[in-house]
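Here the structure comes first, spelled out in structure tokens, and everything after it is commentary.
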Amino acid sequence: MSAVTAEGRTALRRPNYRMRRRLSEAMAVALALVLIVWTLTPIYNMVLVSLESHGDVFTDNIWPAHPSFDSFWIVLSQGYWYLQYFWHQFGNSLYIGAATTFITLLVGSLASFSIGRMRLKNGWVVSNAALMTYVIPASFLAIPFYSIMIKYGLANNLWSVIFAEVTFATPYAIFIFQQYAVSIPIELDEAARIDGASPLQIYLRIYLPLMAPALVAVGTYALLLAWNEYLYQFMLLSSKRSMTVPVALAQFLNSDEAPWNYMMATAIIYAIPPVAIYYAFRRRMTAGLTMGGVKG
Amino acid sequence: MSSTTFEIVRPLRAPSLSLRRRSWRGGLQGSEFTWAVAFVVPYAAVFVAFVAYPVVYGLWMGHDPALYDELFSDPIYLRSVVNTVIYLGIGVNLKMFGALLLSGFFMRRSWWTKGLLLIYVLPWAVPQLPTFISIHWMLNGQWGLINNVLWDVFHIDGPGWLDTSRWLALSSVIASHIWKWMPFWTVILLAGRMAIPQDVYDAAAIDGATGMQRFTYVTFPLLANLYLICTLLSTIFTLGDFNSVYFVSGGGPALSTHVLATLGIRDAFQIARPDLGVATVMSALPLMIPLVIILMRKLRTTEVQL
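Residue numbers (the numbering used here), protein chains in the order written: chain A, 1 to 296; chain B, 1001 to 1306.
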């Protein structure tokens, strides 16, 4: 008797269960569609405008009527007066990115080696200082930072921006390096010490090679931070030849009738390298992303 | 994604490692101390020259009480304070709560969720400036994509999102901010969820927990600390968020959507009153200092957890 009711119950429940599963699957698909539209709309808008001619931008098109890559060609050949120095500015962005990455890795790894491995007395003061820098929003420090750069005689100099980016990237570097270094056995340092290696040799021959994954993660972070940052570059660089791409891009907005198609083409060209780097190094980068990736 | 998130989660397993001896035997000997100091000097120099000095200089620039009298009698400033509070209160919470829910969604094990996640993190991968400029144009009342769609599909005349009403513009800014940063926090919370061992859920299932109970009694308590830290961190980053406001609404219409971060920069560079700009930013210190202190403690003590 009881067996019958039990069987009856499962028979009753099965279609119900299947329907509920199908319903939840349908809801998941609906949510996925909403997410795709929500995520891609601004990006689609960027592509749409960049493929239109100047006249078509000011119409009610929702897809390009006469798609062409002319705007991209104008940008690449510097064929518009706002884009006169495009490649030069692209080079500036690259230069700032490369220098920031190198200095951040150097300064950060040296400090983390000294504090974390050698256990420098009162090293915690330095870690705390770094942590504090990490949690202070960069935009809140911008105005006095600008005044100080003028005092240092670095206004309108690429190095002022490099120092700014290094300032905000190094705390993250120190934090990640210290965490990662925990997994490297201290005995390796000790063996080298017994063999008479100097701290510099231990740093170069043991610490740096074993830290390679963390160096890649932090290096990517620093490069993207320097490439993507706007506020400090806008404040500190004013002449056309010292500007970087984002500053030049924002300049477009000042003109009366902004050439939106050129602007969006510039924006896409500017965005491609970081997006490519992001997807290429995604796995490495996420190693430490919990702490950062947010600033700037 | 699993291998990716695994890497974030690895620090979670670190406590047992950190109990191990991590410093050199017998302390630093002879010239080693000199080396250790020399290694720290570059960072110390960066900190003193580019953090400590600007902070002190900023405090000095904004020390005059008259500046604050001026601020508090300025309606634009007062409105910006209200905007900042709304921006933080609504923007941060919507974003974090959305991220919490979506991180649960991305735990699904269907074949397309992985691909969807790759698309979903795109806003975070693209630099801020291009996307915010694109949103700015997209929301243009006359020729923007949104209103074009509204017109072509529904024959509705869309409003001027950014230049007619303060609330529409502020909502647009908040939505843009969420668009940009929700993927990042989703990935972090997803990593947090993945770090919860499956046995806990198995045990709950044996006790007959339903889907909702699984969340309230298992997932959320285990995720609460991470969620709190993320919210605090996000609050402080949002407080300093300059780009979304500056490029989406530009503070308009009629300076009604400025927040403290953008108003400070405007005071300093557009009306050439750097002292007033510093004072504007410094008026956020009563909120910032407690946040910084709590966060520094949390990040120090649960260093391995985040």
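By construction, the Cβ of each residue, glycine as well, lies at the ideal position given by its N, Cα and C atoms.
In chain order, what residues of the same chain lie with their CB nearer than 7 Å to the CB of residue i, ignoring the 5 residues before and after it?
{"i": "Thr290/A", "result": "A caution first: Thr290/A carries a pLDDT of 47, below 50, which makes its placement in the model unreliable, though a value can still be read off. Same-chain partners within the cutoff: there are none."}
{"i": "Pro1159/B", "result": "Gly1141 and Leu1168"}
{"i": "Trp260/A", "result": "Val49 and Val57"}
{"i": "Arg18/A", "result": "none"}
{"i": "Val1037/B", "result": "none"}
Look at the Cβ atom of residue i, then the Cβ atom of residue j, and state whether they are nearer than 8 Å.
{"i": "Ile148/A", "j": "Tyr1053/B", "result": "yes"}
{"i": "Val125/A", "j": "Gln233/A", "result": "no"}
{"i": "Cys1230/B", "j": "Leu1189/B", "result": "yes"}
{"i": "Val135/A", "j": "Ile1236/B", "result": "yes"}
{"i": "Tyr146/A", "j": "Leu237/A", "result": "no"}
{"i": "Ala1224/B", "j": "Tyr1217/B", "result": "no"}
{"i": "Ala1099/B", "j": "Thr1164/B", "result": "no"}
{"i": "Arg1214/B", "j": "Ser1103/B", "result": "no"}
{"i": "Val1040/B", "j": "Ile202/A", "result": "no"}
{"i": "Leu105/A", "j": "Val182/A", "result": "no"}
{"i": "Ile206/A", "j": "Ser112/A", "result": "no"}
{"i": "Gly1058/B", "j": "Pro144/A", "result": "yes"}
{"i": "Leu1145/B", "j": "Met1138/B", "result": "yes"}
{"i": "Asp1152/B", "j": "Ile62/A", "result": "yes"}
{"i": "Arg266/A", "j": "Leu51/A", "result": "As written in the sequence, residue 266/A is Thr, which differs from the Arg given in the question. Not closer than 8 Å, so no."}
{"i": "Val107/A", "j": "Tyr1043/B", "result": "yes"}
{"i": "Gly1251/B", "j": "Arg1266/B", "result": "yes"}
{"i": "Ala39/A", "j": "Val1051/B", "result": "Residue identity check: residue 39/A is Thr in the sequence provided, not Ala. Their beta carbons are not under 8 Å apart, which means Thr39/A does not touch Val1051/B by this criterion."}
{"i": "Ile1196/B", "j": "Leu1222/B", "result": "yes"}
{"i": "Thr1257/B", "j": "Arg1109/B", "result": "no"}
{"i": "Ile1156/B", "j": "Ile1090/B", "result": "no"}
Is residue i buried or exposed, if buried means 16 or more other CB atoms sit within 10 Å of its CB?
{"i": "Ala280/A", "result": "exposed"}
{"i": "Lys1180/B", "result": "buried"}
{"i": "Val4/A", "result": "For Val4/A, the pLDDT reaches just 47, beneath the cut-off of 50, and the residue's location in the model is therefore unreliable, although a value from the coordinates is still provided. Classification of Val4/A: exposed, given that the 10 Å Cβ count is below 16."}
{"i": "Glu257/A", "result": "exposed"}
{"i": "Tyr278/A", "result": "buried"}
{"i": "Ser1031/B", "result": "exposed"}
{"i": "Gln178/A", "result": "buried"}
{"i": "Arg21/A", "result": "exposed"}
{"i": "Thr1302/B", "result": "Its pLDDT being 45, under 50, Thr1302/B is placed unreliably by the model, and the measurement read from it follows with that caveat. Exposed."}
{"i": "Ser2/A", "result": "Bear in mind that a pLDDT of 45 at Ser2/A, under 50, signals an unreliable position, so the number given afterwards is only what the model happens to contain. By the neighbour-count rule (16 or more Cβ atoms within 10 Å), Ser2/A is not buried but exposed."}
{"i": "Asn16/A", "result": "exposed"}
{"i": "Ala271/A", "result": "buried"}
{"i": "Pro1127/B", "result": "buried"}
{"i": "Met46/A", "result": "buried"}
{"i": "Phe163/A", "result": "buried"}
{"i": "Thr1005/B", "result": "With a pLDDT of 31 at Thr1005/B, under the threshold of 50, the modelled position of that residue is not reliable, and no figure is offered here."}
{"i": "Thr59/A", "result": "exposed"}
How would you list, in chain order, the residues of chain C whose beta-carbon sits under 7 Å from the beta-carbon of residue i?
{"i": "Asn156/A", "result": "Considering every chain present, this structure includes no chain C. Its protein chains are A and B."}
In its own chain, which residues sit with a C-beta less than 6 Å from the C-beta of residue i, not counting the 5 before and 5 after it?
{"i": "Glu1070/B", "result": "none"}
{"i": "Ile1135/B", "result": "Ser1176 and Val1248"}
{"i": "Val1121/B", "result": "Pro1183"}
{"i": "Gly97/A", "result": "Leu223, Ala226 and Trp227"}
{"i": "Pro1286/B", "result": "none"}
What does a CB cutoff of less than 8 Å around residue i pick up in its chain, not counting 5 residues either side in sequence?
{"i": "Leu1260/B", "result": "Ser1080, Val1081, Thr1084, Leu1239, Thr1280, Val1281, Ser1283 and Ala1284"}
{"i": "Ile186/A", "result": "Arg117"}
{"i": "Met1107/B", "result": "Leu1190, Arg1193 and Met1194"}
{"i": "Glu1007/B", "result": "Interpretation of Glu1007/B is limited by its pLDDT of 33, a score under 50 that renders its predicted location unreliable; the figure taken from the coordinates is listed afterwards. Nothing listed; no residue qualifies."}
Residues of chain B with CB closer than 7 Å to the CB of residue i, please, in chain order.
{"i": "Arg119/A", "result": "Ser1023 and Trp1024"}
{"i": "Pro67/A", "result": "Correct list: empty, because the minimum Cβ distance to chain B is about 15 Å."}
{"i": "Val135/A", "result": "Ile1236, Val1292, Leu1295 and Met1296"}
{"i": "Trp260/A", "result": "Trp1137"}
Please list, in chain order, the chain B residues whose beta carbon lies closer than 8 Å to that of residue i.
{"i": "Glu52/A", "result": "Residues of chain B passing the Cβ test: none, with the nearest at roughly 11 Å."}
{"i": "Val298/A", "result": "Nothing can be reported for residue 298/A, as the shown portion of chain A is limited to 1 through 296."}
{"i": "Pro246/A", "result": "Pro1127 and Leu1129"}
Check the Cβ of residue i against every Cβ in chain A and list those closer than 8 Å, keeping chain order.
{"i": "Met1061/B", "result": "Ile143, Pro144 and Ser147"}
{"i": "Gln1213/B", "result": "Within chain A, no residue comes near Gln1213/B; the closest Cβ sits about 17 Å away, beyond 8 Å."}
{"i": "Leu1037/B", "result": "According to the sequence provided, residue 1037/B is Val. The question's Leu does not apply to it. Simply Ser114 and Leu120."}
{"i": "Tyr1057/B", "result": "Pro144, Ser147 and Ile148"}
Below 9 Å on C-beta distance, what does residue i contact in chain B?
{"i": "Phe132/A", "result": "Sequence inspection shows Met at residue 132/A; the Phe mentioned does not correspond to that position. Residues of chain B passing the Cβ test: Val1051, Val1292 and Met1296."}
Using a C-beta to C-beta distance shorter than 9 Å, which residues of chain A count as neighbours of residue i?
{"i": "Thr993/B", "result": "Given a span of 1001 to 1306 for chain B in the structure shown, any question on residue 993/B remains unanswerable."}
{"i": "Phe1097/B", "result": "Neighbours of Phe1097/B on chain A: none; closest Cβ ~15 Å, over 9 Å."}
How would you list, in chain order, the residues of chain A whose beta-carbon sits under 7 Å from the beta-carbon of residue i?
{"i": "Asp1152/B", "result": "Asp60 and Ile62"}
- Segments assigned alpha helix (DSSP H), at least 4 residues, entirely inside the segment 1238–1284 of chain B: 1260–1269 and 1274–1282
- Task: Output the residue ranges of the alpha helix (DSSP H) runs that lie fully inside the segment 1167–1225 of chain B and measure 4 residues or longer, sorted by chain position.
- Result: 1198–1206
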